[in-house]
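Quick note: the sequence shown uses the working numbering, first residue -1, plus one each step.
All C-beta atoms in this analysis are idealised placements derived from N, C-alpha and C, irrespective of residue type, glycine included.
Computed from a prediction, not measured in an experiment: that's the story for all the values here.
Report on the following structure.
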Amino acid sequence: MNVLKELSECFGPSGREDNIKKNIKNLVTNFVDEIKIDTLGNLIVRKRGKGKKLMFAAHMDEVGLIVTEIDKEGFIRFSPVGNVLLTALPGSTVKFKTGRRGIISFETTADFTNKPEFHKLFIDVGVRGQKKVSDIIKVGDMATFDTEFTKIGNRVIGKAMDDRIGCYALIKLIEAKVRSLFDLYFVFTVQEEVGLRGSRTSGYSINPDYAIAVDVTKAGDYPKGPKVPMKLGGGVAIKVKDQKMIASPLIRDRLVQLCKQKSIKYQYEVLETGTTDAAGLQLIRDGIPSGTLSIPTRYIHTRAEMSDLDDVKAAISLLKEVIRRGF
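Next up, the structure:
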């Protein structure tokens, strides 16, 4: 679990993925034939093969906050980077790239029962006065949740499980010595949380024959949770549809078939809101057959996201079968 802990705790909001990219690069370099970073910042890893091109994508970036103003008293105003859950912010500790920490609080007139009011939230870094704070924090600096990774039984809790747990699955797949039918590309993408940007540029460059995103999905198995069928411990989730894509029947049906043949626990995913890198990939050039393997996760885009390790293992097992046996 040391690798997953390292990935979860690493700083890497959208557009500021350098730290997490460096960590992943160090972890996979000895297991691959080619490794490069493209102009946008995607980390593209290749295991050469003689077959068709198969691209896997997991995004490195996490949701975060960006500084918009430092007031006269030294309190920091901010706006979200990605779809941060507003109600999870008050009382959360955050960390800047420099390691400086702060706590989010709110004006006493803030009303969280109606529309979101980000302008009534602020970060307190424990320093008083605009000038003193401006010496250590600048407008445009980004912060992420500051959460210690924790393992409780078979469950893991931490920030940025979306999508460091997908990155973890791809790293384990890269490390595995699996005979492949494909020319394999593993892409750790940037800026997924703000518009699937990394998958679009990397997919256009690689032009794969098939593409699979590995990401998290909402779990609905908690009190008054989202009305979705996915649950922790129910196995890897095979996407049927989300807000922005309908999974390729070729990919979806083959994934289900492999699960049945190899007794890999799985569940279907239908999601009304949200999407993954696969939505960007399927629209590249004249279209790429694309699908998604998802890890059901509770409390997505908060300071503490929860996933089940058995679901992660099921996802890795299925990915290995895809490489071995193809479509």
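Three or more beta-carbon pairs under 8 Å between the stretch 240 to 250 and the stretch 301 to 311, yes or no? As far as the Cβ criterion goes, the stretch 240 to 250 does not touch the stretch 301 to 311, which means the pair count is below three.
Nearest-angstrom Cα separation, counted from Ile321 out to Thr300: CA-to-CA, the gap between Thr300 and Ile321 works out to about 33 Å.
Residue environment, Pro294, which counts as buried when at least 16 other CB atoms sit within 10 Å: Pro294 is classed as buried because its beta carbon has at least 16 other beta carbons within 10 Å across all chains shown.
Which residues DSSP lists as bridging Val188, in chain order: In DSSP, Val188 forms no bridge with anything.
Roughly how far, in whole angstroms, is the beta-carbon of Val65 from the beta-carbon of Asp139, given that I think they are within contact range, below 8 Å? Rounded, the Cβ-Cβ distance is 5 Å, consistent with contact.
Could you have a look at Gly156 and say whether DSSP puts it in helix, strand or coil? Looking at Gly156 - three-state DSSP - the assignment turns out to be strand.
If we ignore side chains and look at the alpha-carbon of each, how far apart do Leu317 and Leu171 end up? Straight-line Cα distance between these residues: approximately 7 Å.
Should Ala56 and Val192 be called a contact, given that it needs their Cβ atoms to be closer than 8 Å? Contact: no.
Element boundaries [beta strand (DSSP E), containing Lys20]: That residue, Lys20, is in no beta strand (DSSP E); its alpha helix (DSSP H) goes Asp16 to Val26.
Let me make sure I understand the geometry here. Which of Leu25, Arg177 and Lys136 has the alpha-carbon closest to that of Lys48? Comparing alpha-carbon positions, the option among Leu25, Arg177 and Lys136 lying closest to Lys48 turns out to be Arg177.
Taking 7 Å as the limit between beta carbons, can you name the residues of its chain near Ile236, skipping five residues before and five after? So the list reads Arg250, Leu253, Val254, Tyr264, Tyr266, Glu267 and Leu291, once near-sequence residues are dropped.
Delimiting residues of the alpha helix (DSSP H) encompassing Ile204: DSSP places Ile204 in the uninterrupted alpha helix (DSSP H) bounded by Arg195 to Ile204.
Quick check: what's the CA-CA separation for Arg44 versus Thr106? Each residue's alpha carbon lies about 53 Å from the other.
Length of the line joining the Cα atoms of Gly72 and Asp16: Cα-Cα distance, rounded: 28 Å.
Tell me the DSSP secondary structure of Tyr166 in three-state form. Three-state result, Tyr166: helix.
Provide the residue(s) that pair with Met140 in DSSP beta bridges, ordered along the chain. According to DSSP, which records beta bridges pairwise, Met140 is partnered with Ile64.
Mark Lys20 as exposed unless 16 or more other C-beta atoms lie within 10 angstroms of its C-beta, in which case mark it buried. A residue is called buried once 16 or more other Cβ atoms fall within 10 Å of its Cβ, and Lys20, having fewer, is exposed.
Please work out which residues of its chain come closer than 8 Å, Cβ to Cβ, to Gln280, disregarding the five sequence neighbours upstream and downstream, and give them in chain order. Here the set comprises Ala209, Met243, Ser246, Ile286, Pro287 and Ser288.
Taking DSSP's pairing of strands, which residues face Phe54 in a bridge? In the DSSP assignment, Phe54 is bridged to Phe184 and Ile210.
Does the distance from the C-beta atom of Phe116 to that of Ser90 stay below 8 Å? Going by C-beta atoms, Phe116 is not nearer than 8 Å to Ser90.
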